[in-house]
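K.L.:
Sharing a structure here in structure tokens format.
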Amino acid sequence: MMVKCTLSCKNLNQNAEFNLSDCLMDMSSIDFTKCAAVFEDGNYEIYFACDQYNRTDVESVAVCVNGEQVGNIVLSANTATVEGFTRYRDGIFAKQPFLLHYDLVTLSFILSFVDGSSKEYFTDFLLCVSKRQEDAINIENMLKELIAFDDSQIGEWIFSDAKRGASNSLYEGKWNKRAYKSLNSYIQLLEQVIACYKNNYAYFRMQGKHTIKQSSVLVPYEKVKKISRDSFNWIMQNADQLADVPYTSGIQYQGKNYLPYHLKTDTSQKSWDVYENRVIIAFLRTVLLNAKQISLEFDRDILNEERIISRIHGSFPKEYCAPIITVKSLQVSFCKTLLEKLNRFIGTLQNLYKQYVVLFDFQTLMLTTFPRKTSTFCEIKPYKQVFEIIVRWFQYGEYSLEKERLILQVKTLDKLFEYYCLLRLLKLLADNGYQKADVKEPAFKYFYTSADTHYQNEQEVANTYLLNNHHVMVTLYYQPVISSVQFENDLTLYRTTKPASGKPDYYTPDFVVKFSSSEHDEEYVIFDAKFSSRASIKNYSLPEIIRKYSCELSTTSDIHAPKMVWVLQGRVNSNENAIWRYHNSPLVSIYRPITSFGIVSINTAVEIKQQLWNEIRSNISFL
């Protein structure tokens, strides 16, 4: 039993055969180094063969790239099995099935049978390469913004996971278990710790808190200042320490005089082993070991990505590139700079720890619980400053590389841009007064059951966010499933059309924003993220988006259509306006369309925050 396809590209001298599977490969398990390369500008003949069914049982075979049909198989009439070559659809493809694609693509074949059923077969993911150079500066800035993002509130939302449970607070005497800030802010906190310990070292050395302890020590006789009963007892037990002397002083025995070489005497010594000093040492050790662990993990992650880059290179001609290489190269470069900075501070922390260990003359365990606020920590300035930096450290939380690791492991440019858009949309809502709703789980990962194998539930970040501002509740959905047969996750949107044979019976826009209040019906805004130029979006993406999310979606509320269906544009031309509206006739300002269509630039070089919010406010009736 065999299902396979063959791709032949004469202009690029490529011929590749692929075995097909009846299920789509899980993107999380992809090894880029094992992905076969296909060329965006390649003119491909595609041959399909399947011996699992009789030719007479199959009505047609559709050819799709990433789920979009590019042609059909012209079935051979002279064979008993299902086989033939592709006839491309009229239009832009012209034997170039991978045109306008980049990064990971999958080729699939949908068999429609005479009895009305269907079956789809997939290749593994293919790495689509192109001669076009993507906007490297834009990608770099996008990465920097994602990695450097420090808003702990939004970070907590994005990385919310119901299985993780509630975080312990500082006031419970334990760590905040997660810190979703940037590595750069973590380094800044280390810098503050270092400055505090450096600035106060001189005080601790000269005037640090201590106790006086009495102890017996063995000293040369000439340095003894006080002789006690214990001294005489020691001499009686150590007669070998006595020596003859030619003078009359000392101990007389049998006509001779003796004096000891050494003598045990009482002395007073400073002891630095007090609670506050133990806290100071323990905290410094805690910070040092924590920073070392972060460095070790980060270095391991970077090394792994470098190996992936090196293995991807060489799998296709030099004049071609894949955006994923650009993304990963910039990821690694930026992260290595941060790692070098972190390691410099670790070296400084190591030296400081040695100095303080020598000064206080004891070592201690790590500081795992919040210390007591003693009078010394309240009243003596250097101790107070150390305590304040400890408070700051506990409030910051136990730093996690979760965010940096997520960005490093992004597998496609599309996914990177989606995360960037998610961040920007949450920030947009937060900047306009929306905070997490007072509910048990204001952000969570919802598992959609109405989807099939074509859909992969988001595993890395939360996909549902509940926010409110006084009387208005906002729900932000990331890649929700809008089904034709059932409702899920409190969405009242549904698909109104029956899909073609073999196609999913649902739509998955990148973002849906639901506005609701007790006094008004729910109103919806739909955003689809496209890392493409405006011309490409207008010519190829927007018509399909309008068809799917306006013509073929409705809601159970009295306002049946989404209020906005807009595209978030990733590739930006500096000569373009940030916002482009589909409806632009003179009467639009008087008679507003039911649904607003448009394109908005979401880019590090463009500040559109207020413009986009104004657009949303003008379309949502109760804002």
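Residue numbers for the sequence shown follow the working numbering, beginning at 87 and rising by one. Beta carbons are placed, not taken as given, at the ideal position from N, Cα and C, and that holds for glycine. Note that this is a predicted model, so its numbers are computed, not measured.
Could you please give me the residues that DSSP links to L579 through a beta bridge?
P.N.:
On the sequence shown, residue 579 is found 493 positions in, with the first residue counted as 1. DSSP, once it has assigned bridges, lists T641 as partnering L579.
K.L.:
Are there three or more Cβ pairs, one per stretch, closer than 8 Å when the region 423-441 is compared with the region 366-375?
P.N.:
Yes: at least three Cβ pairs fall under 8 Å.
K.L.:
Quick check on this structure: which residue in K634, G656, N659 and L424 has the alpha carbon closest to the alpha carbon of M650?
P.N.:
The sequence position of residue 650 within the sequence shown is 564, counting from 1. That would be K634, whose Cα lies nearest to the Cα of M650.
K.L.:
Between D210 and M113, how many whole angstroms is the CB-CB distance? I'm expecting something under 8 Å.
P.N.:
Within the sequence shown, the letter at position 124 stands for residue 210. Within the sequence shown, the letter at position 27 stands for residue 113. Between M113 and D210 the Cβ distance is about 11 Å, and since that is not below 8 Å, they are no contact.
K.L.:
Based on DSSP bridge pairs, tell me the residues matched to G684.
P.N.:
As a first step, residue 684 is located in the sequence shown; it is residue number 598 there, counting from the start. Partner(s): W652 and R667.
K.L.:
DSSP state of F533, grouped into three classes?
P.N.:
The residue you call residue 533 lines up with position 447 of the sequence shown. The answer is coil: DSSP assigns F533 none of H, G, I, E or B.
K.L.:
Just to confirm, are L579 and Y551 a CB contact at a threshold of 8 Å?
P.N.:
Here the question's residue 579 lines up with position 493 in the sequence shown. Here the question's residue 551 lines up with position 465 in the sequence shown. No, they are not a contact pair.
K.L.:
Comparing alpha-carbon positions, which option in K427, S146, E126 and S268 lies nearest R491?
P.N.:
Within the sequence shown, residue 491 is the residue found at index 405, counting from 1. Of the candidates K427, S146, E126 and S268, the one whose C-alpha sits nearest the C-alpha of R491 is S268.
K.L.:
Could you check the C-alpha separation between F708 and N518 for me, to the nearest Å?
P.N.:
Within the sequence shown, residue 708 is the residue found at index 622, counting from 1. Within the sequence shown, residue 518 is the residue found at index 432, counting from 1. Between F708 and N518, the C-alpha separation is close to 15 Å.
K.L.:
If we require 3 or more residues per run, which beta strand (DSSP E) segments fall completely within the region 147-204?
P.N.:
Whole beta strand (DSSP E) segments, 3+ residues: 154-161, 168-174, 189-191 and 193-199.
K.L.:
Which of helix, strand or coil does DSSP assign to N437?
P.N.:
Walking along the sequence shown from the start, residue 437 turns up at place 351. Three-state DSSP puts N437 in a helix.
K.L.:
Can you name the start and end residues of the beta strand (DSSP E) that N101 belongs to?
P.N.:
Numbered from 1 along the sequence shown, position 15 holds the residue referred to as residue 101. Taken as a continuous stretch (DSSP letters only), the beta strand (DSSP E) holding N101 covers Q100 to N105.
K.L.:
By the three-class DSSP mapping on this structure, what secondary structure does F480 have?
P.N.:
For the purposes of this step, residue 480 is taken as residue 394 along the sequence shown, with counting starting at 1. Residue state, collapsed to three classes: helix.
K.L.:
Quick one: Cα of S627 to Cα of A523, how far?
P.N.:
Against the sequence shown, residue 627 aligns to sequence position 541. Against the sequence shown, residue 523 aligns to sequence position 437. Roughly 34 Å separates the two Cα atoms.
K.L.:
Who does D614 pair with in a DSSP beta bridge?
P.N.:
For this step, residue 614 is matched to residue 528 along the sequence shown. V653, per the DSSP bridge assignment.
K.L.:
Taking just the CA atoms, how far does K616 sit from I411?
P.N.:
Here residue 411 refers to the residue found at position 325 when the sequence shown is read from its first residue. Here residue 616 refers to the residue found at position 530 when the sequence shown is read from its first residue. Between I411 and K616, the C-alpha separation is close to 19 Å.
K.L.:
Since V149 and L197 are thought to touch, with beta carbons under 8 Å apart, how far apart are those beta carbons, to the nearest angstrom?
P.N.:
For the purposes of this step, residue 149 is taken as residue 63 along the sequence shown, with counting starting at 1. For the purposes of this step, residue 197 is taken as residue 111 along the sequence shown, with counting starting at 1. Incorrect: roughly 11 Å between the Cβ atoms, too far for contact.
K.L.:
With distances taken between CB atoms, is the gap from V373 to L425 smaller than 8 Å?
P.N.:
Counted from its first residue, the sequence shown places residue 373 at position 287. Counted from its first residue, the sequence shown places residue 425 at position 339. Against a cut-off of 8 Å, the Cβ pair of L425 and V373 comes out as no contact.
K.L.:
Given 8 Å as the limit, is there contact between the region 564-577 and the region 180-187, that is, 3 or more CB pairs closer than that?
P.N.:
These segments do not touch.
K.L.:
I'd like to know whether the C-beta atoms of A408 and V215 end up nearer to each other than 8 Å.
P.N.:
Position 322 of the sequence shown, counted from the start, is the residue given in the question as residue 408. Position 129 of the sequence shown, counted from the start, is the residue given in the question as residue 215. In this structure, V215 lies closer than 8 Å to A408 by Cβ.
K.L.:
Can you give the Cα-Cα distance for Q379 and A281, rounded to whole angstroms?
P.N.:
To locate residue 379, count along the sequence shown from 1; it is residue 293. To locate residue 281, count along the sequence shown from 1; it is residue 195. Roughly 21 Å separates the two Cα atoms.
K.L.:
Under 8 Å between the Cβ atoms of W175 and V156?
P.N.:
On the sequence shown, position 89 is the one that residue 175 refers to. On the sequence shown, position 70 is the one that residue 156 refers to. A small correction: the amino acid at residue 175 is Arg; Trp does not occupy that position in the sequence shown. In contact: R175 and V156 (Cβ atoms closer than 8 Å).
K.L.:
Based on DSSP bridge pairs, tell me the residues matched to H606.
P.N.:
Taking the first residue of the sequence shown as position 1, residue 606 is located at position 520. H606 pairs with S603.
K.L.:
Give the straight-line distance between the Cα atoms of E662 and K501, rounded to the nearest whole angstrom.
P.N.:
Taking the first residue of the sequence shown as position 1, residue 662 is located at position 576. Taking the first residue of the sequence shown as position 1, residue 501 is located at position 415. Near 24 Å, if we compare the C-alpha coordinates of K501 and E662.
K.L.:
Measure the Cβ-Cβ separation of T681 and S636 and say whether it is below 8 Å.
P.N.:
Taking the sequence shown and counting its residues from 1, one reaches residue 681 at position 595. Taking the sequence shown and counting its residues from 1, one reaches residue 636 at position 550. Yes, Cβ-Cβ distance for T681 and S636 is below 8 Å.
K.L.:
Please return the same chain residues whose Cβ sits closer than 7 Å to the Cβ of D385, not counting the five positions on each side in sequence.
P.N.:
Against the sequence shown, residue 385 aligns to sequence position 299. Excluding residues within five positions, the ones whose Cβ falls inside 7 Å are L425.
K.L.:
Within the same chain, show all residues whose beta-carbon is closer than 8 Å to that of S381, passing over the 5 residues directly before and after it, in chain order.
P.N.:
By one-based count along the sequence shown, residue 381 stands at place 295. Same-chain partners within the cutoff: L425, L428, N429 and I432.
K.L.:
For V547, list the residues DSSP reports as bridge partners.
P.N.:
Here residue 547 refers to the residue found at position 461 when the sequence shown is read from its first residue. V547 is not bridged to any residue.
K.L.:
Can you give me the start and stop residues for the alpha helix (DSSP H) that L269 sits inside?
P.N.:
Walking along the sequence shown from the start, residue 269 turns up at place 183. L269 -> alpha helix (DSSP H) spans L269 to Q293.
K.L.:
If C91 sits next to F195, beta carbons under 8 Å apart, how far is it from one beta carbon to the other, in whole angstroms?
P.N.:
As a first step, residue 91 is located in the sequence shown; it is residue number 5 there, counting from the start. As a first step, residue 195 is located in the sequence shown; it is residue number 109 there, counting from the start. Confirmed, Cβ separation roughly 7 Å.
K.L.:
Applying the 10 Å Cβ sphere with the 16-neighbour rule, what's the burial state of Q655?
P.N.:
The residue labelled residue 655 in the question sits at position 569 within the sequence shown. It is buried - the Cβ of Q655 has at least 16 other Cβ atoms within 10 Å.
K.L.:
Which same chain residues end up closer than 7 Å to K695 when comparing Cβ atoms and leaving out the 5 residues on each side of it in sequence?
P.N.:
Counting from 1 along the sequence shown, the entry for residue 695 is found at position 609. Correct list, in chain order: L514 and D517.
K.L.:
Just verifying my parser: in three-state terms, what is the DSSP assignment at N67?
P.N.:
Nothing can be reported for residue 67: it is not among the residues displayed for the chain, which extend from 87 to 709.
K.L.:
Rounded C-beta distance between F613 and D596? I'm assuming under 8 Å.
P.N.:
The sequence position of residue 613 within the sequence shown is 527, counting from 1. The sequence position of residue 596 within the sequence shown is 510, counting from 1. Right, their Cβ atoms sit about 6 Å apart.
K.L.:
Within this structure, are the beta carbons of Y406 and K217 separated by less than 8 Å?
P.N.:
Taking the sequence shown and counting its residues from 1, the one referred to as residue 406 is at position 320. Taking the sequence shown and counting its residues from 1, the one referred to as residue 217 is at position 131. The answer is yes: Cβ separation under 8 Å.
K.L.:
In this structure, how does DSSP classify K589 when only helix, strand and coil are distinguished?
P.N.:
Counting from 1 along the sequence shown, the entry for residue 589 is found at position 503. Coil at K589, not helix or strand.
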